[in-house]
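With UniProt numbering applied, the sequence shown corresponds to residues 528 to 807, in that order. The C-beta atom is built at its ideal place from N, Cα and C for all residues, glycine as well. Here is the structure we will look at.
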Amino acid sequence: RAKADGRATYRFFEPEMDAELQARRLLETDLRKALANREFELYFQPQVNVRANEIGGYETLLRWRHPERGTISPGDFIPVAEDIGLIAPLGDWVLEQACMVATGWPKHIKVAVNLSPVQFRNKTLVQSVSRALSRSGLAPERLELEITESVLLQDNELTVATLHQLRRMGVRIAMDDFGTGYSSLSYLRSFPFDKIKIDQSFVRELSSRADCLAIVRSIAGLGASLGMSTVAEGVETEDQFHQITAAGCTEVQGFYFGKPKPASELVHTLTANRRTAEVA
Ligand code: C2E
Ligand code: MG
Ligand code: MG
Ligand code: MG
């Protein structure tokens, strides 16, 4: 970014820039050691099937337990891991661990894993997925891979070919953060996704903006006619839950049903009050 504003040479000598750069280098150094030091942990957040009123799957969310800095969220270290070439081994670890953990769950429960666009640039992604499945023994139908629209922005043909290869293995493909990209609709045309995850920004503004409800309703309708399930992300309140289900989304995910938790703390049934929650 410093280069883009044309002041790179000046900025280099600014003390705060120096501190920023140092912090970044430190993070990189720590990150390179983190996998070997077993500092990563997987958290899982339930996705609730509205009609069945039960947990249909969990999304895997990566956490880094830094020895001095405490828990660091993926938004702060995934981009760094991508930059320094660490996302491939890290992504492989996540895939394998997530599949392993899921084998201990009831058979109808799926596991979703986020993939970085950078993992698609490595030719070994299909191999990594098949290795995770064979090592864990998880049925491919129980694994769902979440990709963002940005994956389809890069080398579209190669990406789509890879997606088809994964699909042929029996794995499910979900489009994450739907509606935030530049041409969401054309991405839907490029691959028959199993699931659309409606970005949480639409859910957050449901009560304050009428257009958000209209958009969510349209996406749910679109998903239904394309044979894709639709998940609303970031559902935090009972109100949002009711609006989302009335809008026709097939699944909900968010703090209302549960925050991401380590595998050991998962309870695979809904708590009493959520179970009786009226479903439209
Ligand atoms: P995402 O895949 O869209 O994941 C959803 C994010 O929303 C998660 O943040 C989750 O904790 C948060 N969330 C869920 N429900 C609610 C809610 O009701 N309210 C609010 N405010 N937030 C909610 P998290 O865990 O910080 O992850 C952020 C992003 O980091 C993820 O967005 C995903 O893009 C990426 N990420 C996480 N784990 C991995 C991973 O293993 N590999 C890769 N490549 N990316 C990952
Ligand atoms: Mg996701
Ligand atoms: Mg998302
Ligand atoms: Mg996201």
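Could you tell me whether the Cβ atoms of Val698 and Pro667 are closer together than 8 Å? Taking the first residue of the sequence shown as 1, we reach residue 698 at position 171. Taking the first residue of the sequence shown as 1, we reach residue 667 at position 140. Cβ distance < 8 Å, so Val698 and Pro667 count as in contact.
Output the distance between the C-alpha atoms of Ala608 and Leu558, rounded to the nearest integer angstrom. One-based indexing of the sequence shown puts residue 608 at position 81. One-based indexing of the sequence shown puts residue 558 at position 31. Straight-line Cα distance between these residues: approximately 7 Å.
Ligand 3 and Thr788: does any heavy atom of the ligand fall closer than 7 Å to the residue's C-beta? Taking the sequence shown and counting its residues from 1, one reaches residue 788 at position 261. Just to set this straight, residue 788 is Lys in the shown sequence, not Thr. Not under cutoff, so the answer is no.
Flag this pair as yes or no: are the beta carbons of Ser756 and Asp721 separated by less than 8 Å? For the purposes of this step, residue 756 is taken as residue 229 along the sequence shown, with counting starting at 1. For the purposes of this step, residue 721 is taken as residue 194 along the sequence shown, with counting starting at 1. Yes; because the gap between Cβ atoms is below 8 Å, this pair is in contact.
Host alpha helix (DSSP H) of Phe604 (start-end): On the sequence shown, position 77 is the one that residue 604 refers to. That run of the alpha helix (DSSP H) goes 601–610.
Starting from the N-terminal side, write out each stretch of the alpha helix (DSSP H) that is 4 residues or longer and does not extend beyond the segment 671–713. 676–680, 683–695
Do Lys788 and Phe604 count as a contact pair if the criterion is CB distance below 8 Å? The residue labelled residue 604 in the question sits at position 77 within the sequence shown. The residue labelled residue 788 in the question sits at position 261 within the sequence shown. Their beta carbons are not under 8 Å apart, which means Phe604 does not touch Lys788 by this criterion.
Per DSSP, cross-strand counterpart(s) of Glu581: In the sequence shown, residue 581 corresponds to position 54, counting from 1. According to DSSP, which records beta bridges pairwise, Glu581 is partnered with Asn576.
Short Cβ contact (8 Å threshold) for Phe729 with Gly706: Locating residue 729 in the sequence shown gives position 202, counting from the first residue. Locating residue 706 in the sequence shown gives position 179, counting from the first residue. Yes, Cβ-Cβ distance for Phe729 and Gly706 is below 8 Å.
For Leu715 and His795, what's the separation of their Cα atoms in angstroms? Here residue 715 corresponds to residue number 188 of the sequence shown, with the count starting at 1. Here residue 795 corresponds to residue number 268 of the sequence shown, with the count starting at 1. If I take the Cα positions, the gap works out to 31 Å.
I'd like the list of long-range same chain contacts for Glu543, defined as Cβ closer than 7 Å, with 5 residues on each side in sequence excluded. Position 16 of the sequence shown, counting from 1, holds the residue named residue 543. No residues qualify anywhere along the chain.
Since Leu690 and Phe718 should fall inside the 8 Å C-beta cutoff, what is the C-beta to C-beta distance between them, to a whole number of angstroms? Taking the first residue of the sequence shown as position 1, residue 690 is located at position 163. Taking the first residue of the sequence shown as position 1, residue 718 is located at position 191. Confirmed, Cβ separation roughly 5 Å.
Hey, would you say the C-beta of Asp703 is under 7 Å away from at least one heavy atom of ligand 1? Locating residue 703 in the sequence shown gives position 176, where the first residue counts as 1. It does: the Cβ of Asp703 is within 7 Å (strictly closer) of some heavy atom of ligand 1.
Cβ-Cβ separation, Leu622 to Val656 (assumed contact under 8 Å), whole Å: Taking the first residue of the sequence shown as 1, we reach residue 656 at position 129. Taking the first residue of the sequence shown as 1, we reach residue 622 at position 95. Contact holds; Cβ gap of about 6 Å.
Going residue by residue through the segment 701–773, where are the continuous alpha helix (DSSP H) segments of at least 4 residues, counting only ones entirely within it? 711–717, 727–731, 737–753, 765–773
Assign Ala639 to one of three DSSP states: helix, strand, or coil. On the sequence shown, residue 639 is found 112 positions in, with the first residue counted as 1. Strand.
Tell me whether Val794 sits in a helix, a strand or coil according to DSSP, three-state version. Within the sequence shown, the letter at position 267 stands for residue 794. Reduced to three states, the DSSP call for Val794 is coil.
Tell me which residue opens and which closes the beta strand (DSSP E) that Glu778 is part of. The residue you call residue 778 lines up with position 251 of the sequence shown. Start and end: 778–780.
Ligand 2 heavy atom lying under 7 Å from the CB of Glu671: Position 144 of the sequence shown holds residue 671. No.
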